[in-house]
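Worksheet: the structure to be examined is printed underneath.
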Amino acid sequence: MDTNECTIGMLSGKRITTLWTKKSYIQGKHKTGGQSAQRFERLRNEAIKQWFKKIAQKLTTFK
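Anchor point for the sequence shown: position 5 equals 5 in full-length UniProt numbering, and the numbering is continuous, going up by one each time.
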């Protein structure tokens, strides 16, 4: 799991079964400066926070 993709699987003996895979489409870090740099960074951080919340919510559905 990272900011690009998440795969949830189940381990059974020596086998791993993939239960769920999702891409995030979060943009990479903004490298240029200027007035908008802080705004882009803030929007990216919020998108990352929402991504991890979505994953945590999905994990609660697997038992």
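Ideal Cβ positions, reconstructed from N, Cα and C, are used throughout, including at glycine.
Because the structure is a prediction, the values reported are computed rather than measured.
What's the C-alpha gap between residue i and residue j?
i: Y25; j: R42; result: 16 Å
i: R39; j: Q50; result: 17 Å
i: K58; j: G34; result: 37 Å
i: E5; j: S12; result: 23 Å
i: S36; j: T3; result: 22 Å
i: K22; j: T7; result: 7 Å
i: K31; j: E46; result: 18 Å
i: R44; j: G28; result: 8 Å
Any idea if residue i is buried or exposed, counting beta-carbon neighbours within 10 angstroms, 16 or more meaning buried?
i: W20; result: exposed
For residue i, which of helix, strand or coil comes out of DSSP?
i: I8; result: strand
i: residue 64; result: This structure gives no information on residue 64, because the portion of the chain shown stretches from 1 to 63.
i: K29; result: coil
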